[in-house]
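Heads up: the sequence lines are chains P and V, in that order.
Following numbering that gives the first Met the number 0 from start to finish, the first sequence increments by one per residue and tops out at 490.
Following numbering that gives the first Met the number 0 from start to finish, the second sequence increments by one per residue and tops out at 490.
Even for Gly, the Cβ is constructed at its ideal location relative to N, Cα and C.
Number of protein chains: 2
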Amino acid sequence: MSKGITSKEVDYSQWYNDIVVKAGLADHSSVRGCMVIKPNGFAIWEKIQQTLDKMFKDTGHVNAYFPLFIPKSYLSKEAAHVEGFAKECAVVTHYRLKNSADGKGVVVDPEAKLEEELIVRPTSETIIWNTYKNWIQSYRDLPILVNQWANVVRWEMRTRLFLRTAEFLWQEGHTAHATEKEAREEALKMHDVYADFAENFLAIPVLKGYKTESERFAGALDTYTIEMLMQDGKALQGGTSHFLGQNFAKAFDVTFATEKGDSDHVWASSWGVSTRLVGALIMAHSDDSGLVLPPKIAPTQVVIVPIFKGEDQLKQIKEKLDPIIKFLQDKNISVKFDGSEHKKPGWKFAEYELQGVPIRVAIGPRDLENNTVEIARRDTKEKQIIGIDEVSSFVPQLLDTIQKDLLEKAKAFRKEHTTEVDTYDDFKKILESKGGFVMAHWDGTAETEEKIKQETKATIRCVLLNNESEEGKCVYSGKSSKQRVVFAKAY
Amino acid sequence: MSKGITSKEVDYSQWYNDIVVKAGLADHSSVRGCMVIKPNGFAIWEKIQQTLDKMFKDTGHVNAYFPLFIPKSYLSKEAAHVEGFAKECAVVTHYRLKNSADGKGVVVDPEAKLEEELIVRPTSETIIWNTYKNWIQSYRDLPILVNQWANVVRWEMRTRLFLRTAEFLWQEGHTAHATEKEAREEALKMHDVYADFAENFLAIPVLKGYKTESERFAGALDTYTIEMLMQDGKALQGGTSHFLGQNFAKAFDVTFATEKGDSDHVWASSWGVSTRLVGALIMAHSDDSGLVLPPKIAPTQVVIVPIFKGEDQLKQIKEKLDPIIKFLQDKNISVKFDGSEHKKPGWKFAEYELQGVPIRVAIGPRDLENNTVEIARRDTKEKQIIGIDEVSSFVPQLLDTIQKDLLEKAKAFRKEHTTEVDTYDDFKKILESKGGFVMAHWDGTAETEEKIKQETKATIRCVLLNNESEEGKCVYSGKSSKQRVVFAKAY
């Protein structure tokens, strides 16, 4: 029973959009480029938030909150940063409206013009480092390990729900350190946290690497990335962690008295992931029946659909299952019992498939007689009959199994869609046929990188950390190369 | 040992600011009117958020997220709303910057002017009801019980950390219903949730009432409020819940097919509390040594300060207390053991008093010999020696006691600062002397309300729900009145 989702074989992009809209995850708003995150979508984001927030706190971070607005001049203080961020952004120029002369609405009050325009934050390095200046005097004030959950705005012309919107939600960590070593270690630690989260919660395997200079965050000395592969063979950057060196400390004049008694600029890292991860989740696992969610991120992990006629049967089923529901809930498994009478079981089956609930338990009067239930896995759609007494032990195990299987399946897909190529012809052929990650030699120049991008739309996703060195020749220029890098078309 | 906090008897306003700044709760930012919420302050807000979020979910609500920006024309659609909110607000007029001609910075690109200006949301009724139009067709789509955690902006000229800032954090619930009765019940239910939260978590007693017409939310038919009393005798509005009738449904043309088969406009409520509650917490309980926090909201509930010389002593103390710390943590009590060596115990005592940690446990070598610890309550500063073996049972009980005592103390203060007056002279005298809530007869007219406000700065905080009817004469006009209402000077 389909819910009218376009098959992903027919039109991947439409398939994605159908799932987002029909599963009630998000929708376009009437404000250009901004989305409404609907309750079903926000529940997934909340699971992501809660999990990451705990991981951040477990690694010593605390949350804080900085202003939404950034004075225009701040953006210009770090040379690379302004190039990257001070372009497409929302500019606040006035602070008051007044009744229009015709009495039919409101107009901007020309007398309430700001002396300096304010930019709605596209990212917060500048306002935060301007603040850290007041927080840091001595090495005793370091490190500062702060994270912020916030909305940011980047004026995007072509938007796509979750993947690219003008406003999006994210977290941004901003840390300050006394030494270069410590700041770089922090950036790498958070890179590890992101990879751990992606693989063990989202069930999405990631390539861990660093960006080439042209793909780096504007203002960073190094950008570490986790790169994911979507089912259409395109890559998606899942999160980045930046080693910022002393760039922002220098731009905002943040120095500290060192333990030795001299003065130095503070070292920095920043790192972020966004609501984009909800898009990644959908694209990594879902199918033509709708969402497939890894159990650890699914807002509802188990749905119980009773098949009944009349209140007596419903009551019988409910009573039989109540202790099991309680048992599972006590194990922190989220269980929904859908005893609503105005929807048919078939409708409910399709609806919870669309919603990606990992396990469905169905039980009717005959099951009750036989003391059995039917268990259906969302990921494989396999069904099996088990005894009611087994449910309490079976369900937690099956959730674990689904979590693992989703990761394994995604790993197998990635393996199949990772190709070493040694000629530019093969490079282009692979990109056009199966896509995926293409491992190729590159001469290390931004010119070649740019040419390849223009000709094939593929970009260097990353250079793997701990990459094996290998003698070879650049697929484009034929110049010598010491290692392969990861190319792909990307979101 | 003081941390340089101005006494509240000397300068209440400076006392408040000193606590906020010295306890590291918040600070003014370089962006006019916007504050930075520092980690210590944000940790309190997180406790408030987590507690309320659970209460909202337990009453059937789900979270969602709507755009930061509101098209200017939306504000004009509801007549009262535009008067209340479309004045002092941040207006986005452009979406791009470009390099300035002199190459020294960036300027607004005049070619990137928006066709219609966007307002940074001061509250979200308009954008949300514009969205609900797409969500609601039939009575089956109702009720919608949605909450949003978000930042909002109201351009305030005179700001005060937490209490009144241009940008602040809040939650706003927006619900849609098929009947007037249900919508009003929802508004009252959330009013109850706020009162419950204020009294049982913040330990702040509240008056529950409704606002007069002139103090109502712009666009509401009724505004229910919880009114708190601060230690300087001024009132603070802690949260409001609005019955919006069909005003926004009519403004945005949101109708639904009723169960009977006809069509009607949807009924609405909205309700919100903000980071202002952190300000209320400070003003309700704190003293000249710093913050006093109710245990249920304190990010750290127990701090253990070892008094030691050298690592061996520290290790001995730590080993002795480790099982107790673990026991308390297993009971979800947050315990911090501060074994740092570069700060003296006296400094730590003062610091944790400033931070408002409800219980301090001190233990030195002599205590170790005697198998005792010293327990200090932050609220009363009482100290007592107890056996180490008693700590596990004593601490949870004491946390409960402190929670209750803080509420009782605040109730006693309120009782003492609530005065019935029958003449305008007494009215003014009480306001000028002890302040607090003044219960007085009022003739029910907006004119009298306005006159009293102009002459005394006191406003009608609310008319109590279930107010006793009582014959009397308006303190101002002498006209007849059926009930007393609650006046106060307010934040």
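Note down the Cα distance separating residue i from residue j, rounded to an integer number of angstroms.
i, j, result
"P364/P", "E419/P", "56 Å"
"T444/P", "R483/P", "13 Å"
"G232/P", "D286/P", "15 Å"
"K90/P", "F326/P", "Correcting the residue type first, residue 90/P is Val in the shown sequence and not Lys. Computed Cα separation, rounded: 53 Å."
"G244/P", "S269/P", "10 Å"
"S392/P", "T174/P", "44 Å"
"I337/P", "K188/V", "Rather than Ile, the amino acid found at residue 337/P in this sequence is Asp. Spanning the two alpha carbons is a distance of roughly 25 Å."
"W169/V", "M227/P", "34 Å"
"S123/V", "T178/V", "22 Å"
"D263/P", "L67/P", "29 Å"
"I451/P", "V119/P", "34 Å"
"P305/P", "L313/P", "7 Å"
"K308/P", "K347/P", "15 Å"
"A487/V", "T222/P", "56 Å"
"P322/P", "I332/P", "14 Å"
"R121/P", "C33/P", "At residue 121/P the sequence reads Pro, which differs from the Arg that was named. Taking the straight line from one Cα to the other gives about 14 Å."
"K427/P", "T455/P", "7 Å"
"D399/P", "R376/P", "12 Å"
"M0/P", "Y11/P", "Note that M0/P scores 44 on pLDDT, short of 50, meaning its location in the model is unreliable; the coordinates nonetheless yield the value given after this. If I take the Cα positions, the gap works out to 20 Å."
Please decide whether residue i counts as near chain V, where near means a Cβ-Cβ distance under 7 Å.
i, result
"R95/P", "yes"
"V90/P", "yes"
"A85/P", "yes"
"A79/P", "no"
"G104/P", "yes"
"W154/P", "yes"
"A256/P", "no"
"N129/P", "yes"
"F55/P", "no"
"F216/P", "no"
"E449/P", "no"
"Y475/P", "no"
"L67/P", "yes"
For residue i, would you say it is in contact with chain P, using Cβ-to-Cβ distances shorter than 7 Å as the test?
i, result
"K37/V", "yes"
"N246/V", "no"
"P121/V", "no"
"C33/V", "yes"
"F426/V", "no"
"S12/V", "no"
"L290/V", "no"
"E350/V", "no"
"V302/V", "no"
"P142/V", "no"
Who pairs with residue i in a beta bridge, going by DSSP?
i, result
"V462/P", "Y209/P"
"W148/P", "Q170/P"
"E155/P", "Answer is none; E155/P lacks a bridge partner."
"S262/P", "A256/P"
"E226/P", "L206/P, Q236/P"
"K382/P", "A375/P"
"N62/P", "N146/P"
"R359/V", "V302/V, A375/V"
If you measure from the CB of residue i, is any heavy atom of the ligand COA nearer than 6 Å?
i, result
"T174/P", "By its list of ligands, the structure shown contains no ligand whatsoever, and the ligand COA lies outside what it can speak to."
Touch test, the stretch 14-24 of chain P against the stretch 33-45 of chain P, Cβ-Cβ under 8 Å, three pairs minimum: yes
Taking contact to mean 3 or more Cβ pairs, one atom from each stretch, closer than 8 Å, check whether the stretch 240-260 of chain P and the stretch 146-165 of chain P are in contact. no
Do the stretch 99-116 of chain P and the stretch 70-81 of chain P touch if we need at least three Cβ pairs shorter than 8 Å? yes
Just to confirm the assignment: which complete beta strand (DSSP E) runs, minimum length 3, are found wholly within the stretch 163-201 of chain V? 166-176
Taking 8 Å as the cut-off, does the stretch 124-143 of chain V touch the stretch 248-257 of chain V (at least 3 CB pairs, one atom from each stretch)? yes
Counting only runs that start and end within the stretch 81-135 of chain P, where is the alpha helix (DSSP H) found for 4 or more residues in a row? 124-134
Examine the Cβ distances between the stretch 189-200 of chain V and the stretch 418-436 of chain V and report whether three or more of them are shorter than 8 Å. no
Ordered list of alpha helix (DSSP H) runs contained in the stretch 272-349 of chain P, each at least 4 residues: 275-284, 309-329
To test your reading of the DSSP string, which unbroken beta strand (DSSP E) runs of 3 or more residues are found completely within the stretch 390-461 of chain P? 417-419, 436-440
Threshold first: 3 residues or longer. Then list the beta strand (DSSP E) segments lying entirely within the stretch 7-57 of chain P, N to C. 25-27, 34-36
Is it a yes or a no for the stretch 340-360 of chain V touching the stretch 290-302 of chain V, going by three-plus beta-carbon pairs under 8 Å? yes
Does the stretch 404-416 of chain V come within contact of the stretch 197-214 of chain V, defined as at least 3 CB pairs closer than 8 Å? yes
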